[in-house]
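Here's the structure we're looking at; comments come further down.
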Amino acid sequence: MKKILFLFLLLSSTMLLQAQVNDLLKKSEVHGSFEYDGMYYHPDIPMGITDSLIAGRHFAFNGFAEVIYTLGDFSAGVRYESYLPPIAGFDNRLEGSGIPYMWASYNTKKFSFTIGNFYDQFGNGLLFRTYQEWTLGYDNSMNGARITYEPVKGIILKGVYGTQRFFWNKYTKNSRGIVKGIDAEFSVNDLIKSMEESKFRVTLGGSFVSKYQVDNDPIYKLPRDVGGGAARINIGLGKFNFSSEYAHKINDPSAINNFIYKPGDAFIFNASYSTRGLGILAVFKRIDNFSFKSDRAETANALDISYLPPITEAHTYMLASMYPYATQPNGEMGFQLQINYKVPRKSKLGGKYGMDISVNFSQINDIVRQPAGDTTAINVPGTLGYTSDFFA
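The numbers in the sequence shown follow this note's numbering, run straight up by one, and end at 462.
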């Protein structure tokens, strides 16, 4: 009798477990993507590409495969990457294979929690932005934790903590810095009932980000904690939209700015108009000593905490894209005007399908610097560096 009862319980448990597994599988989703790029290099003596330059590496390979699993409010993912060796033009420090990106996340209507690797940004990204650009071999993802909370409609709070990806180098004590940040965004129209249906839309936001890195410099006394704050506003009225953000950080001597102790500033202003067939965008930007990296010794395109957007046309034609513009974190001031117009179809100029006209003008200049003192030259290491008027 006991054996029969045991077999009955075992069979019932197995059937119940199988039903739960089947139900779990029905609710689960698995998505994936992959990309592989390869190049074969052949010696070309007239162009200076010799066997010694290739060094036996005739084939280069970049590839990744990513898998994402979701079950209700839970999701998790993993990405495998391989650079054997990296394609020409990519940083040689990418060479290798492994899993640099894995994460798990739980999301509800008001709350989101992510642990592992993630990408995010505060506002326009002047103070904090992590992202990946596969075609350029750039990835400054965070490895840590992120929390997002929406206590009421119209308020979004966010916090991030962790370290940034640095090719295949794992974080060790006293290596690159630890990044911490908080952000708050307020939709005025959602918070004030009388403005809910208004065409005048206002969004406000503020951020604070800091990095901690030990001071091992034998010459200079460097700040271990470097903090920065940013404030932003977005105003929309009908077909017009205006947005602006200002960021400031304390002195951050680094290899990029020649180890000067001047605080940094960044400002951007956008104004746009959009209607059927016509779009106009005007942008003003000023950067002053605003390189913000989680390792003060890094000079290459890696470990950037902040993102300083370029304000020039991104060309696709070979001749125009040979010498692309790159933002100058040590100082620049520029202006951009972009006009897009759609000539109507079946008009004399537009023809059967219409015609797109795009006009772009950009001008970027270095900022004007003055000596910080009567006896100190500009940009001398260990000094304030220089002073600069905002509109100079």
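Using N, Cα and C, we set each Cβ at its ideal position, and we do this for glycine too.
- Between the region 303–314 and the region 269–277 there are three or more inter-stretch CB-CB distances shorter than 8 Å, so the stretches are counted as touching.
- When only Cα atoms are considered, Phe-405 and Val-258 end up about 29 Å apart.
- Separation of the CB atoms of Glu-266 and Asp-260 is rounded to 7 Å, and the pair is thereby assigned contact status at 8 Å.
- When C-alpha distances from Val-296 are compared across Pro-288, Val-284 and Ile-289, the shortest belongs to Val-284.
- No Cβ-Cβ contact shorter than 8 Å links Ala-336 with Leu-454.
- Comparing alpha-carbon positions, the option among Tyr-139, Ile-115 and Lys-309 lying closest to Ser-344 turns out to be Lys-309.
- Taking C-alpha positions only, Thr-242 is separated from Thr-233 by approximately 10 Å.
- Scanning Tyr-395, Ala-174 and Ile-375 for the CA closest to the CA of Arg-235 turns up Ile-375.
- Around the beta carbon of Thr-184, a 10 Å sphere encloses 16 or more other beta carbons of the protein chains shown; the residue is thus reported as buried.
- Judged by DSSP in its simplified three-state form, Asp-436 adopts coil rather than helix or strand.
- Close CB contacts of Ala-396 within its chain, under the 8 Å cut and outside five residues either way in sequence, are with Pro-380 (chain order).
- Annotation: Asn-359 is outside any beta strand (DSSP E) and is labelled neither H nor E by DSSP.
- In this structure, Ile-157 sits near Met-109, with a CB-CB distance shorter than 8 Å.
- Using a Cβ distance threshold of 8 Å, Pro-323 and Leu-292 count as a contacting pair.
- Around the Cβ of Phe-362, a 10 Å sphere holds 16 or more other Cβ atoms; the residue is buried.
- By the neighbour-count criterion, in which 16 or more other beta carbons inside 10 Å mark a residue as buried, Arg-199 falls on the buried side.
- When Cβ pairs closer than 8 Å are counted between the two stretches, the region 164–183 is seen to touch the region 216–227, the count reaching three or more.
- Between the alpha carbons of Ser-280 and Val-222 lies a gap of roughly 27 Å.
- Of all alpha-carbon atoms in Ile-448, Ser-428, Tyr-106 and Met-212, the one lying nearest the alpha-carbon of Ile-437 is that of Ile-448.
- For a cut-off of 8 Å, the C-beta gap from Phe-192 to Arg-356 is around 19 Å, too long to register as a contact.
- Between Ser-98 and Phe-131, the CB-CB gap reaches or exceeds 8 Å.
- In this structure, Asn-328 and Pro-451 form a Cβ contact; the two beta carbons are roughly 5 Å apart against a cut-off of 8 Å.
- For Pro-113, the closest alpha carbon among the candidates His-318, Arg-127, Asn-239 and Ala-300 is that of Arg-127.
- Beta-bridge partners of Thr-345 (DSSP): Leu-348.
- In this structure, Arg-149 places its C-beta atom within 8 Å of the C-beta atom of Glu-136.
- In terms of CA proximity to Val-230, Tyr-189 leads the group Ala-442, Tyr-189 and Asp-107.
- For the pair Asn-371 and Val-353, the CB atoms are not nearer than the 8 Å cut-off.
- Taking the Cα positions, Gly-443 is about 41 Å away from Gln-408.
- For Asp-260, there is no enclosing beta strand (DSSP E); the enclosing alpha helix (DSSP H) covers residues 258–261.
- For Ile-289, the three-state secondary structure derived from DSSP is coil.
- In terms of Cβ geometry, Ser-145 and Ser-175 form a close pair [threshold 8 Å].
- When DSSP states are grouped into helix, strand and coil, Arg-294 belongs to the coil group.
- Under the rule that a run must span 3 or more residues, the beta strand (DSSP E) segments found entirely inside the region 406–452 read 425–435.
- In the three-state scheme derived from DSSP, where H, G and I count as helix and E and B as strand, Lys-97 is classed as helix.
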